[in-house]
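For the sequence shown, the residue numbers in this note's numbering are 43 to 582.
Note that CB positions come from ideal geometry on N, CA and C, so glycine has one too.
Contents: one structure, followed by commentary.
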Amino acid sequence: RLHLERALKDGSLPALVGTSSLELGIDIGSVDLVVQLQSARGVARGLQRVGRSGHLVGQTSVGRLFPTHREDLLEMAAITRAMLEGDVEPTHAPQNSLDVLAQQIVAMVSVEDWDVPRLLDVIRRAYPYHKLTPGLYRPVLDMLTGRYPSTAFRELRPRIAWDRVHDRLTALPGSRLLALRNGGTIPDRGTFAAYLPDRKTRLGELDEEFVFETRPGDVFTLGASTWRVQEVNEDRVIVAPAPGYLPRMPFWRGDAPRRDYHLGQIYGRFRRELASRVQQEMTGDGEAGPGILAWLQEEYRLDLHSARNAIKYVKRQMDVLGTISSDRTIVAELFTDPLGDLRLVIHSCMGARVNSPWALALAQAFRDAMGTQPEVMVSDDGILFRFLETDQDPPLDLIREMGPVEARERLLAELPNSAVFGAQFRMNAARALMLPAAKGTQKRTPFWLQRLRAKDLLSVAKGFEDFPIVAETYRDCLRDVLDLAHMEQMLQGIQRGEIEVIPVETLVPSPVAASLLYDFISQYMYEQDQPKAERQIQAL
43 RLHLERALKD GSLPALVGTS SLELGIDIGS VDLVVQLQSA RGVARGLQRV GRSGHLVGQT
103 SVGRLFPTHR EDLLEMAAIT RAMLEGDVEP THAPQNSLDV LAQQIVAMVS VEDWDVPRLL
163 DVIRRAYPYH KLTPGLYRPV LDMLTGRYPS TAFRELRPRI AWDRVHDRLT ALPGSRLLAL
223 RNGGTIPDRG TFAAYLPDRK TRLGELDEEF VFETRPGDVF TLGASTWRVQ EVNEDRVIVA
283 PAPGYLPRMP FWRGDAPRRD YHLGQIYGRF RRELASRVQQ EMTGDGEAGP GILAWLQEEY
343 RLDLHSARNA IKYVKRQMDV LGTISSDRTI VAELFTDPLG DLRLVIHSCM GARVNSPWAL
403 ALAQAFRDAM GTQPEVMVSD DGILFRFLET DQDPPLDLIR EMGPVEARER LLAELPNSAV
463 FGAQFRMNAA RALMLPAAKG TQKRTPFWLQ RLRAKDLLSV AKGFEDFPIV AETYRDCLRD
523 VLDLAHMEQM LQGIQRGEIE VIPVETLVPS PVAASLLYDF ISQYMYEQDQ PKAERQIQAL
């Protein structure tokens, strides 16, 4: 990276292709233009990337944005106007994170002894813990000092000692080493580093599941070159150039950025205004009037072709359904797929963090009403349900009638058995030093083994009423991963009539539903191409 930065600065490189590294403060010197392919999926993210150009005092940042499909075009237009207006998503600091608190307490006590009340006073000086109560603080101390029996799970053994007579915390043998070796908040994603034979030149990272299926002698592509595996160690893969050989492609599994609720409202408002103008200003021959074209070009910085594409996309949706989802409209579209199975698409542009908890609650309600478990897929633009082995239509009234209280109760019942809960518990337990690396070795713990240990710990922890990491996982899921508060706000809007739910039945999916179906097809068409190890631990 240093070599590329220097080459760009001295002018020997006319252009540089980057990914999310454009959001970091890397030293890339003076840049004339940023070209963004596809939507940045966020106002702050877009500003940060375009802001790489004109990065000196008095200069203007310049960027050109290229969407790759029409739904991408609409989101990109909404983000562009928000970028120009500085309407950035609000930032919320997590409050009372008990997993980080546990890690910091072990680190502090490993250095010196602490009185329990004084330690709480010091912790409260940090903004994320300024509202920390003894009711949250003391269960964490109980967990770290061995209140929960280690006979149920080995890693529940004490990390520090609590002299309850003098109300004082002291270190145990190994406390300092535990804090040093397992500190940090970035969760382990199970990646292996790829190095050249000199074992110094790092090329990139490979997913653990890809490495699990790779043997010395295999050839794969990384970057723009082909490499042959020479050796696989406990945390790295040694490779050598292999030009001319037929390679296979590596794969990585990661979390895609999700639309924030604030951006969802901006995007929904733009869709509503555009649909209103399309209805008012379209000419009799189906051509866009000059007013709507000028509005898109001036307010949203679209070129002529992009403006016409956006108008045609919205007009096609309006011709099929008579409406389009927005900040005030949700569409429930029911149709059958080529095999005759029922599909229900709920068009909601409020983002996956709002749609995901709503989908969990609705899936449970449909299961109770119909006696069959629907398959569910969620995206930033909607929810897709697939109903199997049933001839009855799903009761669409459930969508309109479900209030925030019912949705919250159903979500809390479904959440502990969901994949997101298991994944967040693993990361929280690791941060709280409940899943430390093996003693006496520098080898990394295999990622699949971490997940297995986390699953065992979760099954034990559910038996305790007040286990702090279970409580922290609920907080993580409901506030950081999912957006329960804004889901309840949206459902209140539906109950009050501020948001309209429009049920429709179609013979073929509408243009917006077709884009969601494309993602569904991509997910299931290649399902059996997942590595065997991944399929076996898919339950967690």
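Quick check on residue i: does DSSP put it in helix, strand or coil?
i	result
residue 535	helix
residue 581	Note that residue 581 scores a pLDDT of 44, beneath 50, so its modelled location is shaky; the value from the coordinates is reported in the next line. Residue 581: coil per DSSP, three-state reduction.
residue 195	coil
residue 413	coil
residue 395	helix
residue 247	strand
residue 569	Since pLDDT at residue 569 reaches only 48, below the 50 mark, its modelled position is unreliable, and no value is offered.
residue 11	With the chain covering only 43 through 582, there is no way to say anything about residue 11.
residue 101	coil
residue 202	strand
residue 93	coil
residue 181	helix
residue 107	strand
residue 442	helix
residue 541	coil
residue 207	coil
residue 154	coil
residue 85	helix
residue 574	In this prediction, residue 574 has a pLDDT of 49, which is less than 50 and means its spatial position is unreliable; what the coordinates show is noted afterwards. If DSSP states are grouped into helix, strand and coil, residue 574 belongs with the helices.
residue 421	strand
residue 457	helix
residue 280	strand
residue 546	strand
residue 168	coil
Could you check where the beta strand (DSSP E) with residue i kicks off and where it finishes?
i	result
residue 467	Residue 467 -> not in any beta strand (DSSP E); alpha helix (DSSP H) instead, spanning 461-473.
residue 237	233-237
residue 134	No beta strand (DSSP E) holds residue 134; DSSP gives it neither H nor E.
residue 348	Per DSSP, residue 348 belongs to no beta strand (DSSP E); it is in the alpha helix (DSSP H), 346-363.
residue 268	267-274
residue 80	Element bounds for residue 80: n/a, residue is neither H nor E.
residue 264	261-264
residue 385	384-389
Starting from residue i, follow the alpha helix (DSSP H) in both directions and report where the run begins and ends.
i	result
residue 337	332-341
residue 217	217-223
residue 377	Careful: residue 377 lies outside any alpha helix (DSSP H), inside the beta strand (DSSP E) at 371-378.
residue 502	489-503
residue 117	112-127
residue 49	44-51
On a CA-only basis, which of the options is nearest residue i? Give me that one, please.
i	options	result
residue 107	127, 378, 95 and 76	76
residue 403	374, 440, 280 and 384	440
residue 197	414, 54, 175 and 476	476
residue 192	506, 526 and 557	506
residue 224	141, 338, 536 and 59	141
residue 530	400, 553, 227 and 350	400
residue 73	52, 151 and 274	52
residue 220	474, 524, 465 and 137	474
residue 267	255, 260, 259 and 285	285
residue 384	361, 373, 351 and 431	431
residue 50	90, 457, 78 and 94	94
residue 489	255, 91 and 251	251
residue 349	205, 105, 114 and 532	114
residue 472	110, 121 and 494	494
residue 418	558, 538, 434 and 501	558
residue 382	388, 428 and 369	428
Beta carbon of residue i, beta carbon of residue j: below 8 Å?
i	j	result
residue 271	residue 290	no
residue 514	residue 470	yes
residue 112	residue 355	yes
residue 248	residue 238	no
residue 416	residue 405	yes
residue 176	residue 161	no
residue 522	residue 136	yes
residue 58	residue 44	no
residue 463	residue 496	no
residue 520	residue 446	no
residue 359	residue 554	yes
May I ask you to check if the CB of residue i is nearer than 7 Å to at least one heavy atom of the ligand GDP?
i	result
residue 229	Because no ligand of any kind appears in the structure shown, any question about the ligand GDP cannot be addressed here.
Given 8 Å, three or more beta-carbon pairs between the segment 209-217 and the segment 448-464: no
Count the CB pairs spanning the segment 546-555 and the segment 159-178 that are closer than 8 Å, and state whether there are at least three. no
Pair every Cβ in the segment 381-398 with every Cβ in the segment 407-424, then say whether three or more of these pairs are closer than 8 Å. yes
Do the segment 316-326 and the segment 121-140 meet, that is, are 3 or more Cβ pairs less than 8 Å apart? no
Are the segment 273-282 and the segment 337-357 touching, with three or more C-beta to C-beta distances below 8 Å? no
Within 8 Å, do at least three Cβ pairs link the segment 137-155 to the segment 169-188? yes
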